[in-house]
Structures are given as structure tokens and as C-alpha cells.
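**Student:** Before I ask anything, let me first share the structure, which is written out below as C-alpha cells.
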Amino acid sequence: MPGPSYTPAPPTPLPPQQYPSSNQQLKEEAREASSLPPPSAMSRSVSQTSHPEVSPYKARPLFCVVCASNQNRSMEGHFVLAKEGFRVISSGTGSAVRLPGPAIDKPNIFAFGTPYNDIYEELERQDPRLYTANGLLQMVDRNRRLKRAPERWQETKTVADIVITCEERCFDAVCDDLLSRGGDFNKPVHVINIDIKDNHEEAQIAGKAILDLARAIEGASDVDEEIDGILQAHQEKHPHNLLHAVAYY
């Protein structure tokens with residue numbers, strides 16, 4: 012059952028010339044993503060990272076960041092957490108991957124599982140000038156350096172410890188899906204929603220919030236006992252609305 016919502020801090024103003032700035036940041040993220048270890052190596056020792064110290068005898072949590080299409084918001088969170096050495100996966104809850112097209116009524120639609128490289132090449136074939144100007148090529152370039160393809164939440168079998176969703180409908184979809192699975196493993200999972208508008212600028216701002224939240228959660232002695240305080244402290248610092256629920260695998 013969903014828990015309490017939290018009163019957000021005042022919004023963080025966007026920087027001037029936000030679109031060129033966000034596109035340049037995406038380009039830089041793509042460059043940095045190419046130097047990150049492969050997903051199988053992301054469980055490296057916490058001593059190799061800059062986030063709070065965790066007892067070597069304490070299992071590190073696996074984070075899953077979820078948006079609709081596993082392209083912008085969830086992949087920004089995936090990149091930020093992977094860069095800092097957290098154990099992280101990501102997915103989307105939509106029926107298909109949808110990206111802006113040449114007109115508002117003509118989106119680009121891909122099936123989940125379509126490699127990011129194939130998506131990149133298709134966008135580049137269609138209109139490289141348009142998709143460079145709006146940051147799509149830079150975004151997908153970053154994504155293809157992080158993992159092979161967008162994944163659909165409902166089809167994933169990996170059991171996460173913390174699920175961070177990026178909008179309320181994704182939060183509802185994750186909670187409904189976990190409920191439908193029946194909780195056979197009796198494995199609790201904290202599902203936390205950070206409400207993020209689906210554009211590059213807001214995703215980049217929220218990436219910092221996701222990183223702060225992951226640091227607080229991994230640094231906790233007992234997440235189950237401390238989660239309400241963690242979320243309250245987080246909400247006082249960041250402008251995004253939060254929701255929280257405990258579900259079961």
C-alpha cells in the first residue's frame with residue numbers, strides 16, 4: 012500500500028540556455044559512460060566508490076530506476092548511479108519505447124529489446140540534424156554505452172532491493188505488477204517515486220536527487236527502520252514530489 016507523500020522543497024531553477032546546456036551534458040555523459048565497467052562489474056567493493064561507507068559484511072542494495080521507455084529519466088539515473096559505483100539496473104513500464112519524432116503526432120516507436128545502437132542508427136538515418144538539436148542522439152549514444160537495449164519492467168526477472176520510479180503512473184504500474192506476481196518469494200522491496208518531468212533538463216537535475224537518495228539508503232544501518240526519515244530529509248532538500256510503498260516479490 013502506498014505510504015505518505017512528502018512536501019517538496021522549492022523548485023530548482025533551470026539554468027539559462029537550458030537546451031544547449033543539456034545537450035552538451037548528454038554528450039559528456041556518453042563519453043563518460045564508455046569508460047564505465049560493464050554491468051556485471053558494477054557490484055565492485057564500496058571502498059572503490061565515493062559514497063558512504065558500508066560494512067563489508069552487509070549486502071549492498073540493488074537499485075532499479077524505472078520510467079516509461081527506459082530512455083531518458085531512468086537512464087539518467089542509471090548513468091549517475093553506475094558512475095558512482097552503485098549496483099543498478101533500469102527498465103520501463105510502457106507498452107513500447109516512444110521517442111519524439113518529426114511531429115508531435117508522429118513519435119518514433121520501438122519495441123522493448125530493440126538495441127540502443129539500432130535506435131541510434133534509425134534516428135541518425137531519419138534526420139541527424141533534428142535529433143542532434145533536440146538531444147535524442149546524444150541521449151541514445153549515452154544509453155548504448157551503458158547497456159544493450161531498453162528493458163520492460165513487466166518482463167524483467169531480476170529482484171531489486173530498491174525501485175525508484177520517475178512518475179506516478181510508473182509507480183502505480185510497478186506496484187500493480189508486483190502485486191500481480193503474488194509475492195511468492197516474500198521478499199520486500201521499497202518502491203519510491205520521484206516525480207520528474209520527461210525532458211533532458213529535469214532528468215539531469217533529478218539525477219543528482221536520485222544519487223543523494225541512493226547514498227542515504229546505502230548508508231543506512233537499517234533501511235526498513237530509517238526509510239521514513241531518509242525520505243523526509245531528502246524531500247526537504249529536493250523539489251520533487253515523493254511517494255513510497257513497500258511491495259513484495
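Residue numbers (this note's numbering): 12 to 260.
Glycine included, every Cβ here is placed at the ideal spot set by N, Cα and C.
For His251, which three-state DSSP category applies?
**Tutor:** Reduced to three states, the DSSP call for His251 is coil.
**Student:** Could you name each continuous alpha helix (DSSP H) segment of 4 residues or more that falls completely within the segment 89-143, going from the start of the chain to the end?
**Tutor:** 127-137, all fully within the segment 89-143.
**Student:** Nearest by alpha-carbon distance to Lys248: which of Asn154, Arg159, Lys219 is it?
**Tutor:** Looking at the Cα atoms, Lys219 is the closest of the given residues.
**Student:** If distances are taken between C-alpha atoms only, which option among Tyr260, Asp223, Val234 comes closest to Gln246?
**Tutor:** Closest option to Gln246, Cα to Cα, is Asp223.
**Student:** Between the alpha carbons of Lys158 and Ser232, how many angstroms are there, rounded?
**Tutor:** Approximately 31 Å, taken between the alpha carbons.
**Student:** Pick helix, strand or coil for Phe74, following the three-state DSSP scheme.
**Tutor:** The answer is strand: DSSP assigns Phe74 an E or B state.
**Student:** Mapping the DSSP letters down to three states, classify Val174 as helix, strand or coil.
**Tutor:** DSSP places Val174 in strand when its eight states are reduced to three.
**Student:** Below 9 Å between beta carbons: does that hold for Trp164 and Thr125?
**Tutor:** No, these two residues do not count as a Cβ contact at 9 Å.
**Student:** Under the three-state reduction of DSSP, which class applies to Arg163: helix, strand or coil?
**Tutor:** Strand at Arg163.
**Student:** Extract the residue ranges of the beta strand (DSSP E) inside the segment 167-235, only unbroken runs of 3 or more that lie entirely within it.
**Tutor:** Counting only runs of 3 or more, we get 173-176, 199-205.
**Student:** Quick check on DSSP: helix, strand or coil for Ala79?
**Tutor:** Note: Ala79 maps to coil in three-state DSSP.
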